[in-house]
Amino acid sequence: MYFWDSRRLARDLRNDTVPASTLRDQFIGLLIIGAPVFVFGLSGDPRLDRWDAIYLVGAIAIVIFGIRWAYRVNGGDEGRRFVEKSVALLLPLTIQSFVLLFVVFMGLQAVESALDSRLSPIDKALMDNVSTLSINLLLHAWLMWRLGVHLADTLVDGPDRIGAVAEDAPPPEAR
19 MYFWDSRRLA RDLRNDTVPA STLRDQFIGL LIIGAPVFVF GLSGDPRLDR
69 WDAIYLVGAI AIVIFGIRWA YRVNGGDEGR RFVEKSVALL LPLTIQSFVL
119 LFVVFMGLQA VESALDSRLS PIDKALMDNV STLSINLLLH AWLMWRLGVH
169 LADTLVDGPD RIGAVAEDAP PPEAR
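Numbering (this note's numbering), first residue to last: 19 to 193.
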């Protein structure tokens, strides 16, 4: 991987000599570095508690396995334009996940309000931590799953491969 030598990376990209698996690993590295920044940037609290640690470890594991799976769906080392397609797909998928998070959050608020008088403060805090952790990790998994599904939709190997009916498939000359 090109951790520091950006000049060499630029030259190798120009010469098209960077293996697709290296680009995948660079992408995973970027997402892993961004995870803590994203978490702490949203909370504004520099302290890390056990729930944050579990979330970060879980999110990083989901990203690593999710991107590796999506890479295989895209054709692995023989696939084309994995990082480009992933970046393009992740924008609408991230927006969709924010909408999904809002809907789930509103439902969770209704459940918590109904249980509010029945739970002790300790149970409320535990329920809040567990539900927040579960929802966030499930949304990460959903995001990676949708990325793989849509990467499969970008392949032009035939209607069975892209999930389209025969009349929606690209013409044979486009393959």
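From the three backbone atoms N, C-alpha and C, an ideal C-beta is built for every residue, glycine too.
- By the 16-neighbour rule on beta-carbons within 10 angstroms, Ser104 is buried.
- When secondary structure is reduced to three states using DSSP, Ser138 falls in the coil class, being assigned neither helix nor strand.
- Using a Cβ-Cβ distance cut-off of 8 Å, the region 79-97 and the region 29-40 are in contact, since at least three pairs of beta carbons, one from each stretch, lie closer than that value.
- With fewer than 16 other Cβ atoms from the protein chains shown falling within 10 Å of its own Cβ, Met124 counts as exposed.
- A distance of 9 Å or more separates the beta carbons of Leu169 and Ala79.
- In this structure, Leu111 lies near Leu165, with their beta-carbon atoms less than 9 Å apart.
- Within the region 51-112, complete alpha helix (DSSP H) segments of at least 4 residues are found at 68-91, given in chain order.
- Ranked by Cα distance from Leu156, the first of Val122, Arg25, Leu66, Arg42 is Val122.
- Leu31: member of the alpha helix (DSSP H) spanning 24-32, first to last residue.
- Ranking Phe100, His158, Ser115 by CA distance to the CA of Asp171 puts Phe100 first.
- 9 Å or more divides the Cβ of His158 from the Cβ of Ala71.
- Excluding its 5 nearest sequence neighbours in each direction, Ile46 has C-beta neighbours in its own chain below 8 Å: Val81, Ile82, Ile85, Arg86, listed in chain order.
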